[in-house]
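**Student:**
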Amino acid sequence: MNEHIGLRGRVWLEAVTGEHQSRPGDPMSVLFIRARIGKDSALFLCVVPNKESRFPCVRDGQVGLEEAYALAFRVRQAMEDDREKPRAEKSPIIAVVDVKSQAYGRREETAGIFLAAAAAADAYASARMAGHPVIALVAGHAFSGGFLTHGYQANRILAFDDSGVMIHAMHKEAAARITRRSVADLERLGHEIIPMSYDVKDFARLGLIHKLLHADDPMRPSASEVDAVKQALIEAIDDTRAGGTDLNNRFQSAEAIVARRAGLAARAAMELQWRQA
Amino acid sequence: MEHITFEYPTAQRGITKRAHVGVVGSGDMEVLLEPSPESGAHVEITTSVNGFRDAWKAVLDRFFSKFDGAVRIQINDAGATPGSVLLRLEQAVEVIQQ
Amino acid sequence: MIETSIVPAFVNRGSFIEMNGRDRAKSLFDKNSWRELVGPFDRVESPWLPKQGIAPQSDDGCIVIKGTIGGTAAVAISLENAFQGGSIGEVSGAKMASALDLAARDSAAGELTAAVLLLETGGVRLQEANLGLAAVAEMISSILNLRQYAPVITVIAGTVGCFGGMSLAAGVSSYIVMTCEARLGLNGPEVIEQESGLEEFDASDRELIWAIHGGEQRVGMGLADALVEDKTEAIASAVREYVRKGLPPQHRSRQVNLYRDRIAALDNANQINPLQLRQLWSSKESKGGPQ
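Residue numbers (the numbering used here), protein chains in the order written: chain A, 399 to 675; chain B, 19 to 116; chain C, 90 to 380.
#1: Kindly give me the distance between the Cβ atoms of residue 150 of chain C and residue 196 of chain C, rounded to whole angstroms, as I take these residues to be in contact under 8 angstroms.
#2: Would you call the CB atoms of residue 117 of chain C and residue 325 of chain C closer than 8 angstroms?
#3: Please list, in chain order, the chain B residues whose beta carbon lies closer than 7 angstroms to that of residue 167 of chain C.
#4: Is it buried or exposed, residue 652 of chain A, if we count other Cβ atoms within 10 angstroms and call 16 or more buried?
#5: Report the CB separation of residue 224 of chain C from residue 186 of chain C in whole angstroms; it is logged as a contact under 8 angstroms.
#6: Does the beta carbon of residue 661 of chain A come closer than 8 angstroms to any beta carbon on chain C?
#7: Please list the terminal residues of the continuous beta strand (DSSP E) segment that includes residue 37 of chain B.
#8: Along the chain, which unbroken stretches of the alpha helix (DSSP H) at least 4 residues long are found entirely within the stretch 508-594 of chain A?
#9: Measuring only between beta-carbons, confirm whether residue 566 of chain A sits less than 8 angstroms from chain C.
#10: So for residue 399 of chain A, helix, strand or coil by DSSP?
#11: Alpha carbon to alpha carbon, how far is residue 547 of chain A from residue 411 of chain A? Give it in angstroms, no decimals.
#12: Should the stretch 505-515 of chain A be called in touch with the stretch 623-630 of chain A, which here means at least 3 C-beta pairs below 8 angstroms?
#13: Taking 8 angstroms as the threshold (beta carbon to beta carbon), is residue 109 of chain C in contact with chain B?
#14: To which residues of the same chain is residue 661 of chain A closer than 8 angstroms at the C-beta, ignoring the five residues directly before and after it?
#15: Return the residues of the stretch 123-152 of chain C that lie within a Cβ-Cβ distance of less than 7 angstroms from chain B, sorted by chain order.
#16: Please specify which runs of the beta strand (DSSP E), each continuous and at least 3 residues long, are wholly inside the stretch 115-178 of chain C, giving them in chain order.
#17: With a cut-off of 8 angstroms, does the C-beta of residue 365 of chain C fall near any C-beta of chain A?
#18: If we count the other Cβ atoms within 10 Å of its Cβ and call it buried at 16 or more, is residue 593 of chain A buried or exposed?
#19: Helix or strand or just coil, what does DSSP make of residue 480 of chain A?
#20: To which residues does DSSP link residue 444 of chain A through a beta bridge?
#21: Just reading off the alpha helix (DSSP H) that residue 457 of chain A is part of, what are its end residues?
#22: For residue 155 of chain C, I'd like the list of residues in its chain whose CB is within less than 7 angstroms of its CB, leaving aside the five on either flank, ordered along the chain.
#23: Please name the residue in A:577, A:640 and A:528 whose C-alpha comes closest to that of residue 218 of chain C.
#24: When you compare only the Cα positions, how much space is there between residue 378 of chain C and residue 574 of chain A?
#25: Using a threshold of 8 angstroms, state whether the C-beta atoms of residue 248 of chain C and residue 270 of chain C are closer than that.
#26: Can you give me the Cβ contacts of residue 147 of chain C inside the same chain, cut-off strictly under 7 angstroms, excluding the 5 residues immediately before and after it?
#27: Whole angstroms are fine: how far does the CA of residue 620 of chain A sit from the CA of residue 636 of chain A?
#28: Do you know offhand how far residue 265 of chain C's Cα is from residue 28 of chain B's?
#29: For residue 171 of chain C, would you say it is in contact with chain B, using Cβ-to-Cβ distances shorter than 8 angstroms as the test?
#30: Assuming the contact rule is C-beta atoms closer than 8 angstroms, residue 113 of chain B and residue 37 of chain B should be a hit. Round their C-beta distance to whole Å, please.
#31: Quick check: the stretch 526-542 of chain A against the stretch 492-504 of chain A, are there 3 or more CB pairs under 8 angstroms?
#32: Between the C-alpha atoms of residue 320 of chain C and residue 121 of chain C, what's the straight-line distance to the nearest angstrom?
#33: Please classify residue 109 of chain C: does DSSP put it in a helix, a strand, or coil?
#34: With DSSP run on the structure shown, which of helix, strand or coil describes residue 47 of chain B?
#35: Nearest to residue 275 of chain C by CA position, among A:504, A:615, A:634 and A:606, is which residue?
#36: When the cut-off is 8 angstroms and only beta carbons count, does residue 601 of chain A lie next to chain C?
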């Protein structure tokens with residue numbers, strides 16, 4: 399397990415926005431910053447570990463109840479602020495993602511974390527549908543419910559290309575346990591079965607990533623590396639504005655047309671048969 | 019996983035309907051039964067449990083000793099017992115005879 | 090051939106839970122009004138399962154039925170819980186999302202088409218991991234899109250319940266119908282026990298499980314809309330009523346201020362007593378109406 403989990407998010411949030419003192423929102427685990435990116439003023443959001451959280455199951459940077467509702471709140475606030483603006487002027491919303499997972503706790507289940515997560519996903523998707531360019535910058539881990547809550551409704555997904563970045567449905571240890579394999583076997587399986595791989599470069603072959611980014615030392619990026627990431631964000635924002643507000647682009651890349659062809663065939667069959675009413 | 023096929027050339031009665039029964043759950047299987055474009059019956063099995071070709075043959079021989087339709091049968095199996103296999107096949111026949 | 094005319098008294102006649110995914114979906118529609126789309130004979134199957142020695146299912150465990158419910162155009166998308174735990178793979182996810190998109194397209198063009206999601210699922214199919222997860226994200230987007238025009242009604246009947254990423258699909262739905270047997274949550278008891286320990290959640294404590302995730306609790310808390318008996322006609326009737334009703338005044342997943350305040354007010358020092366929380370939250374407005 400990468401000991402930097404939850405720390406790369408803050409590093410890149412501060413690197414890209416130029417702010418060294420991120421102002422925590424309410425709660426301390428959700429950082430939100432208004433900062434310039436290119437000619438836009440964007441809302442940056444990041445979930446970070448908070449060792450003092452009153453919810454014990456989120457202290458390592460998991461996305462819990464407070465985090466999910468705070469994200470939803472901030473995104474909807476940005477939507478409200480820009481309500482009268484034309485599409486071209488809607489603020490970009492940048493989700494900086496480095497989340498260990500969703501919170502696994504009894505309090506969370508009791509208080510309906512499924513709805514909290516849904517509310518955050520709803521907010522991000524609604525912002526996207528209203529014309530805000532929503533960009534996910536995956537700086538570290540993006541697992542399962544955590545990623546569905548924070549980042550996966552984005553128009554474009556950017557991710558770093560090193561082994562500190564992992565996008566997946568379940569951690570290796572838990573997945574190994576449930577599928578009754580060793581972790582080594584699971585990793586081997588990931589080489590044959592691309593959607594099961596834990597390697598972000600394999601994830602990129604699914605066609606869901608807009609651009610892979612690089613930093614030699616992701617925890618201590620150089621000025622030129624930060625600049626390159628900013629440029630990539632600006633380009634993703636522009637690309638978004640030139641396209642639709644839906645997620646159809648996820649099926650249109652050259653990689654997706656190959657990797658997701660079974661899904662595409664299913665969609666095509668559905669469309670054909672739907673019309674034969 | 020295994021793919022097993024069987025032919026029953028003497029099953030030549032024309033069939034007009036198709037049937038789908040079952041679920042590929044643990045200990046169960048699904049059957050897709052359709053009219054065959056050729057004469058004779060053709061069976062294709064995809065099973066996650068290896069090494070039971072003889073058992074499959076025995077059940078299918080028994081099934082086709084009573085059923086003579088020219089059909090294409092596709093089976094996706096997750097470990098159904100011979101008794102369950104026969105049951106699902108008979109359910110499929112019941113559907114096409116309705 | 091089995092003699093099916095003699096049914097023992099203990100068999101739960103009319104039970105919705107005892108039906109498979111296909112029959113559940115069919116049971117909701119007006120007689121003779123429905124047909125199945127991309128069904129078994131189209132053989133759109135998972136390309137990933139055979140590579141792992143797992144027998145695929147011809148419909149990939151997702152059944153799509155289109156027709157009318159109470160005279161209104163509707164599509165039902167049903168997950169077969171006996172196949173891979175009703176989990177979402179590349180194909181089943183694509184079937185669900187595309188059916189929702191087509192319902193939205195029709196609705197936007199003037200033919201309002203409601204969607205009913207029968208969610209009996211543990212979430213993402215691990216054997217397809219990232220394509221399953223991507224499909225869930227796309228499905229959530231598709232629900233939110235359709236939800237602008239026509240209601241999306243989630244039905245969770247049991248026995249598997251609705252967990253994992255698919256609980257977010259339930260969460261963004263217009264209405265959630267549950268039975269007492271059904272459960273709804275992001276993480277199931279076993280997963281919590283594994284990740285956070287036995288103290289946090291004893292997965293063998295059935296009473297605890299239903300006290301937190303069960304239909305009666307969820308509806309009682311205002312996190313789901315209707316608690317219905319496990320009878321096909323009762324569930325079909327509840328669905329018909331929500332289709333007729335149309336969109337709620339405000340979707341639950343939009344009530345951010347309400348829930349943010351509720352979470353802030355949670356007394357967190359110890360585990361929360363589910364019944365007390367139910368009493369607290371049910372005394373306030375939780376669905377429909379302004380924040």
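Heads up, the beta-carbon is just placed ideally off N, CA and C, and yes, glycines get one too.
**Tutor:** Quick look at the numbers:
#1: The pair is not a contact, with the Cβ atoms about 26 angstroms apart (cut-off 8 angstroms).
#2: yes
#3: Those within 7 angstroms of residue 167 of chain C in chain B number zero; the least Cβ separation is about 12 angstroms.
#4: exposed
#5: 6 angstroms
#6: yes
#7: Residues 37-40.
#8: 511-527, 542-547, 570-577 and 581-590
#9: yes
#10: Residue confidence for residue 399 of chain A is low, a pLDDT of 42 falling below 50, so the modelled location carries little weight; the figure read from the coordinates is stated next. Three-state DSSP puts residue 399 of chain A in coil, outside helix and strand.
#11: 18 angstroms
#12: no
#13: yes
#14: 649
#15: 129, 130, 139, 142, 143, 144, 145, 146 and 147
#16: Those beta strand (DSSP E) runs which fall completely within the stretch 115-178 of chain C and span 3+ residues are 124-126, 151-158 and 161-168.
#17: no
#18: Residue burial annotation: residue 593 of chain A is buried, with at least 16 other C-beta atoms found within 10 angstroms of its C-beta.
#19: In the three-state DSSP reduction, residue 480 of chain A falls in the coil class, being neither helix nor strand.
#20: Answer is A:429 and A:494, bridged to residue 444 of chain A.
#21: For residue 457 of chain A, no alpha helix (DSSP H) encloses it, and the DSSP letter there is neither H nor E.
#22: 123, 124, 126 and 164
#23: A:577
#24: Note that residue 378 of chain C scores a pLDDT of 34, beneath 50, so its modelled location is shaky and nothing firm can be said.
#25: yes
#26: 129, 132 and 134
#27: 25 angstroms
#28: 53 angstroms
#29: yes
#30: 4 angstroms
#31: yes
#32: 21 angstroms
#33: coil
#34: Strand, per DSSP.
#35: When only C-alpha atoms are compared, the closest one is A:504.
#36: yes
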